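Visitor: Chains as they are written, first to last, in numbering that gives the first Met the number 0: chain H, 0 to 278; chain F, 0 to 278; chain U, 0 to 278; chain D, 0 to 278.
Let me begin by handing over the structure; questions about it come next.
There are 4 protein chains.
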Amino acid sequence: MRTMNTILTTQCDDDVGLIAKITGLCHQHNLNITRNNEFVDKDAQRFFMRTELSGVISDDFLPSLAELLPDGAELALHSSEKTKVVLLATKEAHCLGGVLLKQFEKALNIEVLAVIANYADLAPLAAGFGVPFHVVSHEGLSRAEHDQKVGDLIASYQPDIIGLAKYMRILSPEFVARFEGKIINIHHSFLPAFIGAKPYHQAFERGVKIIGATAHFVNNELDEGPIILQDVTHVSHADTAEMMAKMGKDVEKTVFCKALQLASEHKLFINGNRTVVFA
Amino acid sequence: MRTMNTILTTQCDDDVGLIAKITGLCHQHNLNITRNNEFVDKDAQRFFMRTELSGVISDDFLPSLAELLPDGAELALHSSEKTKVVLLATKEAHCLGGVLLKQFEKALNIEVLAVIANYADLAPLAAGFGVPFHVVSHEGLSRAEHDQKVGDLIASYQPDIIGLAKYMRILSPEFVARFEGKIINIHHSFLPAFIGAKPYHQAFERGVKIIGATAHFVNNELDEGPIILQDVTHVSHADTAEMMAKMGKDVEKTVFCKALQLASEHKLFINGNRTVVFA
Amino acid sequence: MRTMNTILTTQCDDDVGLIAKITGLCHQHNLNITRNNEFVDKDAQRFFMRTELSGVISDDFLPSLAELLPDGAELALHSSEKTKVVLLATKEAHCLGGVLLKQFEKALNIEVLAVIANYADLAPLAAGFGVPFHVVSHEGLSRAEHDQKVGDLIASYQPDIIGLAKYMRILSPEFVARFEGKIINIHHSFLPAFIGAKPYHQAFERGVKIIGATAHFVNNELDEGPIILQDVTHVSHADTAEMMAKMGKDVEKTVFCKALQLASEHKLFINGNRTVVFA
Amino acid sequence: MRTMNTILTTQCDDDVGLIAKITGLCHQHNLNITRNNEFVDKDAQRFFMRTELSGVISDDFLPSLAELLPDGAELALHSSEKTKVVLLATKEAHCLGGVLLKQFEKALNIEVLAVIANYADLAPLAAGFGVPFHVVSHEGLSRAEHDQKVGDLIASYQPDIIGLAKYMRILSPEFVARFEGKIINIHHSFLPAFIGAKPYHQAFERGVKIIGATAHFVNNELDEGPIILQDVTHVSHADTAEMMAKMGKDVEKTVFCKALQLASEHKLFINGNRTVVFA
């Protein structure tokens, strides 16, 4: 039996009366709906709903709900416990530090179980916040071997979300498949512009007046997963590529932290190559 | 009998099962909910919901719904017809022109029935967009007399919304009461800062780095009605009070147009001295 | 002899002491510098300066200045007279109307001499603001013939700037060369993303969370000229491609008007495929 | 003798030819100006300039410059050394942590010499970043005594800037006078709105749609010093006062870090109760 302040997430094929069925069952179970968001993707005929409930949830609630909904409905109940996160990093501190600081401030309902990096540079940062830090060097390993090793270490923590905090490694399809729908990356450009290497130098060369960052779920297309969140900052002719990179890091940090927050609040749904975000 | 694409707005005291009751009745009536927003003000124990429906709505839908809900529930069905607006203005063109241009672009689902001003300066602007323009001078009239005259003229158009497009007159309590909940004003500052006259000069003197504008419903407290929308723009030491005023006008125009858009989409609810805005 | 409130723009190869030389000559001529901006592109070794002067400028000021500066320096004095603009349009009203309204408000120091369009749809909008409107249909004409005809009509007005207010025609290299450095376009996407047709549909399909618009000088590379200004707005999963297009139009209007304002204030310099913008 | 990459800051009464005099002397001394900003406050007849110089600066440069300028000119040369900062804090981590993290990332050209707090709560945060942390409790001390003790400790570090990172103590006039022009505070509201206690609760009650934060120099008027920087974030009816406070902390962190960055880059000038900020 689950107790108060639970979030129900529902995703299924669209049908008439879905809201009535779901909210009706909540009413029968004496569950009070304190906040509700729903969205129907009309092209894909797909229904998404996030419902905040207060009240005692009996064990037969979810099975009863499944019976009312179309076959294949994805239902989940989320308690108010912290979302468990493992962060992967390389050498850059800003995204990793941003999340660890927010955890320290109690501004995010997450628990960073561990940091895994392919270099040791950021060990002091993790140590400062009392978070376990593992170096898994890629030296002398094939991509498959390294991904296997990192993946096994991640799996040992059983995280809900894997955050790529500027992890500068290309992931193998096997790794992505192993943690499907759980990997959130921060991309150092305003996708789909400036895909690939050195995006700030590309942006500088093109003479753009805005740079940005993109948080997205990772799938097997590099830089192509479902976008969660984007933000931008204005730049001028006086900003060099190096200054743009520095300004861009602030946007990356903000966007990455916010994406993890949305994940921890169960506000993110993957919808094909797009997302539904109940912000 | 009403037809497709209707918006149902509901406001009532909070109670358990309200969403289930409302959506259940929609389901019984074969109405498909294409978009739904709800909010509960827990302090005020007040429930707000906006529901986009497709399907044929029978004449007994609303009475049936009223029976299901707590006494005093405010229910309304809105067709996709244009929201009827009368605009009041004085001499400044930006807010009036902003709305008329957007109507011309078909970017707003509103119909400006008429413009009423206490000076003739803006007659050519209204004429250019083919909108009736009336001058009701305040010269030689008491405030009560002028408000009565303007009010009678407004009333003859039976508008849904009265937009104060930089109408530089203080309204009498009688006027406000006559059109209660229907008057939207644009205030040339970021309320509650710089209430009163010459807000941009006040802002300049204080050395602020951001200026803004506020759209709000008008009640009997000057500059104090429920806030609908606010936006800002950054200013610097190099901007004079006059330049701030010019920059501020852009924000005013944007915010005023957006507030009228929200009204025309039935996304605004007054909740005491606050608003619920389903943006 | 030129009188008070003049703007001097200087662009030349970089050299030591340029600011001292220019401001020294101003001092000798009893010209007071009320505002000054300069920028050196270190890679290109190029110097840019914009100087607001008050005082009486004698006829030998500019020749004297040219002697002090490196060969090939581009110097110009701009009075506070209005910048002369010809606008080109097709069927969409928002950018054209945005500029005409701002001219009416006296918010832009420009004079729109004429509007030229390849369809007649926007004639009433121009007429409402009392601006000459010419239809030059492309029907039955080759691109070269049409561009010649439009170009001759533009040339008859001798404008300082040609604004493409959603002019949905690809320009021939000859046309672009004829008005080199004078053509400002508004592009309906956040360049360099979504180049080409139907950018809002492309954006929707990719599931982006931000859309934007770009004002740029036109050169012979389609969608590739020096960028002047960009801005964005946030979108969500609930926004269809049509809604994005509508939201995008607001950004286009704002960015286009602001780019013309910067041009009218002589704050824009072309620097290869980039710009210097003294905002 | 000072070497390359120096910043010259000048503030004095306005006079004709000031830029020519300053840049002319730089030219004589073979100093290359790589970036220059100036501003004249016409009302106050006050001149401000920030000049980035490359080249070797001889010891007689500054005295020679002083002779050229009006009496009482405030001149300073700043090397590219890190700006020395002491941070004061109480119990909230976000602003303190924000600065320490940015220092760790090498994103700010500052050196935090020490953190002084009236409680011990944040000691682990400072320790994690290897920064000295002192508790100076106010228990049992008068305000004057406590300020004396804190002031003496600050003075022992000889900082350039004192950052109040959510230091929840009212400062005595003596303390403010002792460190005049060096104290930067972050205020948890969009000044001048919601001065005083519980600003987010005030903002919630008023139903505002935007909240913000303000970085300002501290003078003897509480919440009234010269404003350096402000920023905002949008809120909705669904955000409680607690959620607003949480969202506001992000803005506070960003604005505070940026204000320290501007200080470290010598881009801030106090101009009466206003600031000049060469951003």
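The beta-carbon is built from N, C-alpha and C at its ideal position, and this holds for glycine as well.
None of these values were measured; they are calculated from a predicted model.
Looking at the secondary structure, which residues open and close the beta strand (DSSP E) in which D:L280 lies?
Guide: The structure shown does not extend to residue 280 of chain D, since chain D is modelled only from 0 to 278, so the question has no answer here.
Visitor: Quick check on DSSP: helix, strand or coil for F:L134?
Guide: Note on residue identity: the sequence assigns Val, not Leu, to residue 134 of chain F. The DSSP-derived three-state label of F:V134 is strand.
Visitor: So, helix, strand or coil for U:D146, using DSSP?
Guide: Correct three-state label for U:D146: helix.
Visitor: Do H:R49 and U:G206 have their C-beta atoms within less than 8 Å of each other?
Guide: no
Visitor: Express the C-alpha separation of D:E110 and H:G127 in angstroms, rounding to a whole number.
Guide: 18 Å
Visitor: Following the continuous beta strand (DSSP E) through D:E37, name the residue where it begins and the one where it ends.
Guide: 31 to 40
Visitor: What distance in whole Å lies between the Cβ atoms of H:L112 and H:K83, which are believed to be in contact at a cut-off of 8 Å?
Guide: 6 Å
Visitor: Helix, strand or coil, according to DSSP, for F:L163 in the structure here?
Guide: strand
Visitor: Do the stretch 253 to 264 of chain F and the stretch 28 to 48 of chain F make contact, defined as three or more Cβ pairs closer than 8 Å?
Guide: no
Visitor: Rounded to whole angstroms, what's the CA-CA distance from H:T2 to H:L124? Just pull it up for me.
Guide: Legend: pLDDT at H:T2 = 47, less than 50; position of this residue unreliable, value from coordinates given subsequently. When only Cα atoms are considered, H:T2 and H:L124 end up about 37 Å apart.
Visitor: Please go through the same chain and pick out, in chain order, the residues whose beta-carbon is closer than 8 Å to the beta-carbon of D:K181, but skip the five residues on each side of it.
Guide: Contacts found: P158, D159, I160, I161.
Visitor: So what's F:A244 in DSSP terms, helix, strand or just coil?
Guide: helix
Visitor: Starting from F:H93, trace the alpha helix (DSSP H) both ways and give me its first and last residue.
Guide: Run containing F:H93: 93 to 103, per the alpha helix (DSSP H) assignment.
Visitor: Is there a C-beta anywhere in chain H that falls below 8 Å from the one on U:T274?
Guide: Cβ-Cβ to chain H under 8 Å: yes for U:T274.
Visitor: What did DSSP end up calling F:I169 once you bin it into helix, strand or coil?
Guide: coil
Visitor: Curious, which full-length alpha helix (DSSP H) runs of at least 4 residues does the stretch 174 to 238 of chain D contain?
Guide: 198 to 205
Visitor: Could you pull the DSSP bridge partners for D:F268 from this structure?
Guide: D:V275
Visitor: Can you tell me where the beta strand (DSSP E) with U:K83 in it begins and where it stops?
Guide: 82 to 88
Visitor: How about H:A19 and F:A19: do their beta carbons lie closer than 8 Å?
Guide: yes
Visitor: Let me know if F:M0 comes out buried or exposed under the rule of 16 or more other beta-carbons within 10 Å of its beta-carbon.
Guide: With a pLDDT of 44 at F:M0, under the threshold of 50, the predicted position of this residue should be treated as unreliable, and no value is reported.
Visitor: With distances taken between CB atoms, is the gap from F:T89 to F:A116 smaller than 8 Å?
Guide: yes
Visitor: Buried or exposed: U:V134, going by 16 or more other Cβ atoms within 10 Å of its Cβ?
Guide: exposed
Visitor: Taking only beta-carbon atoms, is H:I56 less than 8 Å away from chain F?
Guide: Chain F has no Cβ within less than 8 Å of the Cβ of H:I56.
Visitor: Does the distance from the CB of F:L52 to the CB of F:T5 come in under 8 Å?
Guide: yes
Visitor: Give me the residue from H:E173, H:A212, H:Y199 with the minimum Cα distance to H:H186.
Guide: H:A212
Visitor: Per the DSSP calculation, D:T5 is bridged to which residue(s)?
Guide: D:L52
Visitor: What in chain U is Cβ-close to H:A192, meaning under 9 Å?
Guide: Simply F189, L190, P191, A192, F193.
Visitor: Taking all protein chains shown into account, decide if D:K105 is buried (16 or more other Cβ within 10 angstroms of its Cβ) or exposed.
Guide: exposed
Visitor: Give a yes or no on whether 8 Å exceeds the smallest Cβ distance from D:V231 to chain U.
Guide: no
Visitor: Look at the alpha carbon of D:F47 and the alpha carbon of D:D14, and state the distance between them as a whole number of angstroms.
Guide: Their Cα atoms are separated by approximately 11 Å.
Visitor: Quick one, which residues of the stretch 16 to 30 of chain D are near chain U if we go by CB-CB under 7 Å, in chain order?
Guide: G16, I18, A19, T22, G23, C25, H26
Visitor: Within 8 Å of any Cβ in chain H, is that where the Cβ of U:P172 sits?
Guide: no
Visitor: In three-state DSSP terms, what is D:H28?
Guide: coil
Visitor: Apart from the five residues just before and just after H:H137, which ones in its own chain have a Cβ nearer than 6 Å to its Cβ?
Guide: N117, H145
Visitor: Specify the secondary structure class of F:M0 as computed by DSSP and reduced to three states.
Guide: Bear in mind that the predicted position of F:M0 carries a pLDDT of just 44, short of 50, making it too unreliable to give a figure here.
Visitor: Are any of the Cβ atoms in chain U nearer than 8 Å to that of D:I32?
Guide: Under the 8 Å criterion on CB atoms, D:I32 is classed as interfacial with respect to chain U.
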